[in-house]
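Remarks on the structure that follows.
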Amino acid sequence: KIQRERLIYVYETLAKRQQEEEENDDARRNNDYGVITTETITFILRTVAKKTIDCWEAKVEDDEDFAGMFPKVAACHGVYWIKKKEMMKELVELYECAGDDAIVDNYMIC
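According to the numbering used here, the sequence shown is numbered sequentially starting from 171.
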């Protein structure tokens with residue numbers, strides 16, 4: 171389950187940090203969180219998820235039968251996402267830290 175407001179908070183926070191901290195053009199080009207807008211997030215969510223009352227849920231459910239029939243492939247997939255989570259550690263931590271009670275004036279604070 172994904173909460174759109176949390177994603178918006180993450181990218182807005184990182185874009186602000188980047189704007190404040192980075193003066194190097196190369197660093198900005200390699201880490202430009204500011205290009206991820208509310209509209210971009212909403213578009214991506216509408217493409218891969220369905221809106222529920224309080225979050226977005228993936229349109230495609232996990233396929234437990236596939237994992238059972240092809241355990242090696244499923245294990246590789248799991249390792250892939252563990253590595254992705256580590257690469258995106260800062261984003262994940264910001265997302266997880268932005269609890270439901272942290273919404274103030276449509277923005278989340280952490």
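Ideal Cβ placement from N, Cα and C applies to all residues, glycine included.
- Exposure of Thr222 is indicated by the presence of fewer than 16 other C-beta atoms within 10 angstroms of its C-beta.
- The alpha-carbon of Ala185 is positioned some 12 Å away from that of Leu177.
- A Cβ-Cβ contact shorter than 9 Å links Lys220 with Lys229.
- In the DSSP annotation of this structure, the continuous segment of the alpha helix (DSSP H) that includes Ala244 starts and ends at 241-257.
- DSSP places Lys221 in the strand class (E or B) of the three-state scheme.
- Around the Cβ of Ala268, a 10 Å sphere holds 16 or more other Cβ atoms; the residue is buried.
- In the structure shown, Ile178 adopts helical secondary structure according to DSSP, grouped into three states.
- When secondary structure is reduced to three states using DSSP, Glu231 falls in the coil class, being assigned neither helix nor strand.
- Between the C-alpha atoms of Val218 and Cys225 there is a straight-line separation of about 13 Å.
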